[in-house]
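Single-structure report; data block below.
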Amino acid sequence: MTDESTSDVNGSQTTPSATTRPRRRASRPPGPAGDTVAAGSMPAGVAVRPTVDYATVRVVKPAAPRPRAGHRRLVAVVALVVLSLAGATLGGLAYWMHDRQRAEEQALAREQRFVDTASQLVVNMFSYDQESIDESVDRFVASTSGPLNAMLTQDNNTEFLKMLFRGTNASSEAAISGAALEKLDEVSKNAAVLVAAKVTITDLDGNNLPTQFYRFRVIVHEDESGRMTGYDVKYPDGGN
Numbered sequence: 001m002t003d004e005s006t007s008d009v010n011g012s013q014t015t016p017s018a019t020t021r022p023r024r025r026a027s028r029p030p031g032p033a034g035d036t037v038a039a040g041s042m043p044a045g046v047a048v049r050p051t052v053d054y055a056t057v058r059v060v061k062p063a064a065p066r067p068r069a070g071h072r073r074l075v076a077v078v079a080l081v082v083l084s085l086a087g088a089t090l091g092g093l094a095y096w097m098h099d100r101q102r103a104e105e106q107a108l109a110r111e112q113r114f115v116d117t118a119s120q121l122v123v124n125m126f127s128y129d130q131e132s133i134d135e136s137v138d139r140f141v142a143s144t145s146g147p148l149n150a151m152l153t154q155d156n157n158t159e160f161l162k163m164l165f166r167g168t169n170a171s172s173e174a175a176i177s178g179a180a181l182e183k184l185d186e187v188s189k190n191a192a193v194l195v196a197a198k199v200t201i202t203d204l205d206g207n208n209l210p211t212q213f214y215r216f217r218v219i220v221h222e223d224e225s226g227r228m229t230g231y232d233v234k235y236p237d238g239g240n
């Protein structure tokens with residue numbers, strides 16, 4: 001077998017080696033390294049792993065079913081009923097509180113009327129002057145009822161009282177020191193009122209006698225029309 005000869009540019013002969021092979025340039029498709037390898041560019045027997053593009057998957061929850069029109073109407077009706085009941089309850093509570101407060105105020109005012117009636121009775125009983133004795137005694141008798149009125153009007157006692165006041169040749173004035181409701185009987189409509197008073201007598205010369213202090217238990221009666229009068233006068237120890 002004859003060896004082939006080659007000549008270089010200078011005409012010299014070179015003999016290729018039996019083991020030298022021509023070099024083959026590797027080629028790849030355009031793009032950055034590490035991308036998909038072109039078919040046929042890998043040696044035989046090398047498995048090519050395909051490139052997978054992993055996309056982000058978002059799970060969409062199913063939308064809740066829309067409420068039915070009938071349910072919405074029912075809810076609206078129930079809400080209206082509840083609000084109406086709540087308003088009625090609050091209104092009733094406010095009316096009850098107002099009515100209760102008014103009843104308490106009326107009860108207190110009624111008790112005060114018993115006290116005022118008893119106080120005025122004591123003032124009328126001890127207050128007079130020489131120029132108006134008749135009017136003073138008549139006013140006192142007219143403010144009484146029951147056993148007290150019977151005592152003052154029987155046997156011409158009213159005229160005797162007027163004569164007694166004239167015989168003093170003086171005038172008298174009473175002032176209330178204090179008064180308080182002791183008890184109230186709703187069956188008989190009688191109230192016991194404790195009254196403390198001081199009485200000052202002035203003679204015709206204008207001289208004041210020593211002031212006298214008194215305490216009374218005055219029984220006040222309320223009739224069916226609501227009018228209050230002095231029913232009886234007692235001392236706190238029970239005497240008349």
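By UniProt numbering, the letter at position 1 of the sequence shown is numbered 1, and the numbering carries on one by one without gaps.
Where is the CB? At the ideal position from N, CA and C, for every residue including glycine.
| Asked | Found |
| --- | --- |
| Distance CB(Leu121)-CB(Ser143) smaller than 7 angstroms | yes |
| Start and end residues, alpha helix (DSSP H) containing Lys183 | From DSSP, Lys183 is part of no alpha helix (DSSP H) but of the beta strand (DSSP E) over Ala170 to Asp185. |
| Under the three-state DSSP convention, the category Leu209 falls into | coil |
| Reduced DSSP category for Arg215 - H, G, I as helix; E, B as strand; rest coil | strand |
| Test item: CB-CB of Ile219 and Tyr235 under 7 angstroms | no |
| Opposing strand residues paired with Thr202 [DSSP bridges] | Ser171 and Asn208 |
| Segment contact flag, the region 110-129 with the region 161-178, C-beta cutoff 8 angstroms, min 3 pairs | yes |
| Alpha carbon of Ala191 to alpha carbon of Glu111, nearest angstrom | 9 angstroms |
| Assigned secondary structure, Asp232 (DSSP; H/G/I helix, E/B strand, else coil) | strand |
| Local Cβ density within 10 Å of Ala38, reported as buried at 16 or more and exposed below that | Annotation note: pLDDT 49 at Ala38 (below 50); position unreliable, coordinate value reported separately. Exposed. |
| The region 195-208 touching the region 83-101, judged by at least three CB pairs closer than 8 angstroms | no |
| Contact set for Glu222: own chain, Cβ-Cβ below 6 angstroms, skip 5 residues either direction | Lys189 and Met228 |
| Distance between beta carbons of Ala180 and Val115, contact taken as under 8 angstroms | 7 angstroms |
| Backbone secondary structure at residue 274 - three-state DSSP | Residue 274 lies beyond the range of the chain shown here (1 to 240); nothing can be said about it. |
| Span separating the alpha-carbon of Val233 from that of Leu93 | 45 angstroms |
| Val195 to Pro147 span [Cα, whole Å] | 19 angstroms |
| Outcome for Val82 when other beta-carbon atoms lying within 10 angstroms are tallied against a minimum of 16 | exposed |
| Rounded distance between the beta-carbons of Ile133 and Phe165, thought under 8 angstroms | 5 angstroms |
| Closest Cα partner of Glu131 within the set Thr153, Glu224, Gln212 and Gly167 | Gly167 |
| For Glu224, the three-state DSSP class (helix, strand or coil) | coil |
| Boundaries of the alpha helix (DSSP H) in which Asp156 is found, first to last residue | With the sequence shown as reference, residue 156 is identified as Asn, and Asp is not the correct amino acid for it. Looking at the DSSP string, Asn156 is not in any alpha helix (DSSP H), and its letter there is neither H nor E. |
| Arg113 versus Leu184, Gln212 and Asn207, residue with shortest Cα-Cα distance | Leu184 |
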